[in-house]
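Following: one structure in structure tokens, then a few remarks.
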Amino acid sequence: VMQTTEFDTIAAISTPPGEGAISIVRMSGEEALQVAAKVFKGKNLAEVASHTINYGHIFDPETNEEIDEVMASVMRAPKTFTREDIIEINCHGGIVPTNKILQLLLQNGARLAEPGEFTKRAFLHGRIDLTQAESVMDLIRAKTDRSMQIALNQLDGNLAKLIKSLRQDILDVLAQVEVNIDYPEYDDVETLTTKLLKEKAAEVKTRIEDLLQTANQGKIMREGLATAIIGRPNVGKSSLLNYLLHEDKAIVTDVAGTTRDVIEEYVNIRNVPLKLIDTAGIRETEDKVEKIGVERSRKAINQADLVMLLLNASEELTDEDRKLLALTQDKKRLVILNKTDLKTKINLNEVKQLVGPDELLSTSVLQNDGLDELEERIAKMFFNGIENSQTTVMLTNSRHIALLHRAKDSLDAVLRGIDAGMPVDLCQVDMTDAWDDLGEVTGDSYQDELLDQLFSQFCLGK
Ligand code: GDP
Ligand code: ZN
3 VMQTTEFDTI
13 AAISTPPGEG
23 AISIVRMSGE
33 EALQVAAKVF
43 KGKNLAEVAS
53 HTINYGHIFD
63 PETNEEIDEV
73 MASVMRAPKT
83 FTREDIIEIN
93 CHGGIVPTNK
103 ILQLLLQNGA
113 RLAEPGEFTK
123 RAFLHGRIDL
133 TQAESVMDLI
143 RAKTDRSMQI
153 ALNQLDGNLA
163 KLIKSLRQDI
173 LDVLAQVEVN
183 IDYPEYDDVE
193 TLTTKLLKEK
203 AAEVKTRIED
213 LLQTANQGKI
223 MREGLATAII
233 GRPNVGKSSL
243 LNYLLHEDKA
253 IVTDVAGTTR
263 DVIEEYVNIR
273 NVPLKLIDTA
283 GIRETEDKVE
293 KIGVERSRKA
303 INQADLVMLL
313 LNASEELTDE
323 DRKLLALTQD
333 KKRLVILNKT
343 DLKTKINLNE
353 VKQLVGPDEL
363 LSTSVLQNDG
373 LDELEERIAK
383 MFFNGIENSQ
393 TTVMLTNSRH
403 IALLHRAKDS
413 LDAVLRGIDA
423 GMPVDLCQVD
433 MTDAWDDLGE
443 VTGDSYQDEL
453 LDQLFSQFCL
463 GK
């Protein structure tokens, strides 16, 4: 149930906190133009044409004090992000004037927006569906070009289109079943209906499974492929790390309020976002690392989606090498024979017995040799096929994934029911459940709590 207060006039600072050249204070709602006009010296914002940018000054109507020189964009409903009247005040980037402008808007009739409330309104007014709303959030969080592209793709409504077509298929068959049930005078109605239900349930289920298959890649895109660089001391781990972190490829996230031990470092390798595990360990002095060597590696291996295990090609294989090879044998891994610029001493036959040809490669990090090949292997491992098909919809959102699993379970129930000879109207119930689950992905059947929870994850001002 929507309350009317949901459509009062809201305001928030839309640009990230901190100093920038320009900040934007955004306001949306029925009174947006009137509220802005009260604190704006220049043209009357309540009367200017839609989609215009207006030069002027923000002032405090009580004291007549001038706050800032600004540009105010006026966008009237319905051609706006929220489908309501929107004002965006571009002011000078300082924290003090920006906050002061927001305060003035709040004192003159606007209310502080909740996180995600602008996007929520866009959804409530039917401007975007739920997958699109979520992709706005993903865009804000996107860490690599590729995940940006997926988010944009979703913003285009590709996932929604696909989900809607699945729902249509289910609806068609449900309608057919209904018709058949209404005409029981035909002989083998029950058989025919059952057959149709079974076919369609199986077909939609396959398509959902295909979609779910993309979820793993999607998760990697979103969160980064957790990657551990391991190997005994002096094999070249730090050198490789430095190479990977070079060339502006690195994005370092300093998780607020934590020590350097959990600094997450992201690198973008041919559009595969790697989240490097335990780089603090690799960067510590060698003695320290050695003391906690294998134990620390074991921990990193456990967390990793991908392990890069370095061996020193210019030395004999050691027991520690063998231990690390054994520890990683069930992992997705690349075993890197480093220091190939030196005379080879490693027993290649033994290595080849322990390591598959797809996993093995040679480098000289020192001489920048084999590193292109390494990057290519990483990309290949994860984008077989996917990289080429730009149209692929990729699941990246855990809520979508959970709902699709639920829909798949419902379809499984339909199929099990049919095989067990259950009456067709019972199977029909499960089929309807699947339709509902899919509807929740796009928000075609949504509940209030879901919305609140979802939109509260947004940043303020979005
Ligand atoms: P880590 O202990 O595994 O982190 O190894 P480092 O990256 O600190 O490297 C140890 C030493 O090996 C350093 O002196 C590096 O310059 C050197 N090194 C790294 N990679 C190579 C390589 O490919 N060839 C040669 N000859 N030396 C290398
Ligand atoms: Zn090191």
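For the sequence shown, the positions run 3 to 464 when full-length UniProt numbering is used. Don't be surprised by glycine CBs; every beta carbon is placed ideally from N, CA and C.
In DSSP terms, what residue i is bridged to
i	result
Met383	DSSP, once it has assigned bridges, lists no residue as partnering Met383.
Leu339	Leu313 and Ser364
Leu276	Leu227 and Val269
Asp371	Ser366
Asp10	According to DSSP, which records beta bridges pairwise, Asp10 is partnered with nothing at all.
Phe42	Ile60
Ile232	Leu311
Arg113	Ile12
Residue span of the beta strand (DSSP E) that contains residue i, given as start and end
i	result
Met433	Element bounds for Met433: not the beta strand (DSSP E) but the alpha helix (DSSP H), Val426 to Thr444.
Ile24	Ile24 to Ser30
Thr54	Thr54 to Phe61
Glu68	Glu68 to Met77
Distance, residue j Cα to residue i Cα
i	j	result
Glu389	Arg209	Summary for Glu389: the model assigns pLDDT 46, below 50, so the residue's position carries little reliability, and this model does not support an answer.
Lys334	Glu201	37 Å
Pro235	Lys166	54 Å
Leu214	Asp432	20 Å
Ser316	Glu352	15 Å
His407	Arg129	27 Å
Asp280	Gly159	37 Å
Ile152	Val395	8 Å
Asn314	Val357	15 Å
Gln178	Glu49	55 Å
Ala14	Val443	28 Å
Ile88	Ala409	38 Å
Leu132	Gly445	5 Å
Val72	Pro80	24 Å
Thr193	Asp171	20 Å
Glu86	Glu33	10 Å
Asn110	Glu119	20 Å
Phe9	Leu35	14 Å
Ala162	Leu173	16 Å
Thr393	Asp70	A caution first: Thr393 carries a pLDDT of 45, below 50, which makes its placement in the model too unreliable to give a value.
Asp411	Val181	26 Å
Ser240	Glu378	20 Å
Proximity of residue i and residue j at Cβ, strictly below 9 Å
i	j	result
Lys43	Gly58	yes
Thr11	Val37	yes
Ile97	Arg28	no
Arg113	Thr84	no
His94	Ser16	no
Ala115	Phe125	no
Leu164	Ala230	no
Ile271	Ile380	yes
Leu176	Thr398	no
Val309	Ile222	no
Asp226	Leu154	Here residue 226 is Gly; the residue named in the question, Asp, does not match the sequence. No.
Leu312	Gly238	yes
Leu417	Lys197	no
Arg169	Leu440	yes
Ala204	Leu413	yes
Asp307	Ala217	no
Ser364	Asn349	no
Val76	Thr54	yes
Asn56	Ala74	yes
Ser137	Thr82	no
Val367	Leu242	yes
Val337	Leu362	yes
Ile60	Leu108	no
Ile303	Thr342	no
Tyr245	Asn370	yes
Endpoints, alpha helix (DSSP H) assigned at residue i
i	result
Pro99	Ile97 to Gln109
Lys354	Leu350 to Leu356
His94	His94 -> not in any alpha helix (DSSP H); beta strand (DSSP E) instead, spanning Ile88 to His94.
Ser16	Here Ser16 belongs to no alpha helix (DSSP H), and DSSP marks it neither H nor E.
Ala422	No alpha helix (DSSP H) holds Ala422; DSSP gives it neither H nor E.
Arg123	Glu119 to Leu126
Arg324	Asp321 to Leu329
Leu247	Lys239 to Leu247
C-beta neighbour in chain B for residue i, strict 9 Å
i	result
Leu311	Here chain B cannot be found, since the structure has a single protein chain.
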